[in-house]
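Worksheet: one structure, shown below.
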Amino acid sequence: MARQEAIVREGKTKIKASIPSILLNLLIAALIWAFGALVFVPLSSQFQVLERISVDRIVSAIFLIAMLVAFVRVFAQAKNLADGLADVIAGSMRKEDADSSHIDQARGALRLLFYIIGAVIAYMFLYPFLTPIAAPVAGIVFILLAIWAISVIFRVGRTLTDVIYYWAGRAGQRVEEIGTGDGGE
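Residue 21 is where the sequence shown starts when you use the numbering used here, and the numbers rise one by one after that.
Put into structure tokens, the structure is as follows:
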């Protein structure tokens, strides 16, 4: 129980430490995205520098690089936030009689799920700048993201196998106790 409380405390500390930096960098990323996707890229589609190079591709590349820099700064702290959230959630849902390894498995699984969410959100923000540069690249990146997300989801399932079997066994025991008439008392 003391370990569980320490993990929750550590998770709360990680969350508190990472939120201000994440919010600041997300605000910067949102402003870059808003000006790029809503102002500069649409306006730049009317111009051409050379015969084969349109200004919207150049402007999209500039904003794509700026967004990547902003997201690298966000993800540096978002990892700590994901770890903190995973610690708090896993530490809070663990029962006293459960195997102590279950909390570590739940933390790892939650961390991976938060990484998927972060990657999908990043792609959604980067998509408007990828398509003018090379639409096939945006599609390839999306396919790779989908394959990666599916493989991570399978990994989450493998990580939680012991936890699921444990709780399924507990539920089965409970059903047997209720079925025998003693009501589990």
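Glycine residues also receive a C-beta, built at the ideal position from the N, C-alpha and C atoms. None of the values given here were measured: they were computed from a predicted structure.
Query                                                                                                                                                                                          : Result
How big is the Cα-Cα spacing for Ile137 and Ala166?                                                                                                                                            : 12 Å
Helix, strand or coil: how does DSSP classify Ser74 here?                                                                                                                                      : strand
Report the option in Val94, Ala106 and Phe83 whose CA atom is closest to the CA atom of Leu47.                                                                                                 : Val94
Are three or more beta carbon pairs between the segment 143-150 and the segment 119-130 nearer than 8 Å?                                                                                       : no
By a C-beta neighbour count over all protein chains shown, 10 Å radius and 16 as the cutoff for buried, is Gly31 buried or exposed?                                                            : buried
Assign Gln66 to one of three DSSP states: helix, strand, or coil.                                                                                                                              : coil
Could you spell out the range, first to last residue, of the alpha helix (DSSP H) harbouring Phe149?                                                                                           : Ser121 to Ile153
Going along the chain, which residues of its own chain have a beta-carbon closer than 8 Å to the beta-carbon of Glu25, five neighbours each way excluded?                                      : Gly111
Over what stretch of residues does the alpha helix (DSSP H) that includes Ala22 continue unbroken?                                                                                             : Ala22 to Phe55
Note down, in chain order, each residue of its chain lying with its Cβ closer than 8 Å to the Cβ of Leu84, except the 5 sequence neighbours on either side.                                    : Leu146, Phe149, Leu150 and Ile153
In whole angstroms, what separates the C-alpha of Ala22 from that of Ile42?                                                                                                                    : 30 Å
Taking 7 Å as the cut-off, decide whether the C-beta atoms of Phe60 and Val79 are in contact.                                                                                                  : yes
Please tell me whether Val108 and Val161 are closer than 7 Å, where the distance is taken between their beta carbons.                                                                          : no
Measure the alpha-carbon distance for Gly54 versus Leu63 and round it to whole angstroms.                                                                                                      : Checking the sequence, you will find Ala at residue 54 rather than Gly. Taking the straight line from one Cα to the other gives about 13 Å.
Mapping DSSP to helix, strand and coil, what is Leu180?                                                                                                                                        : coil
Return the CA-CA distance between Leu132 and Gln97, expressed in angstroms with no decimal places.                                                                                             : 15 Å
Starting from the C-beta of Gly104, find all residues in its chain whose C-beta is less than 6 Å away, skip the five residues before and the five after it, and write them out in chain order. : Gly31, Lys34 and Ile35
Using the beta-carbon count (16 or more within 10 Å), is Gly159 buried or exposed?                                                                                                             : exposed
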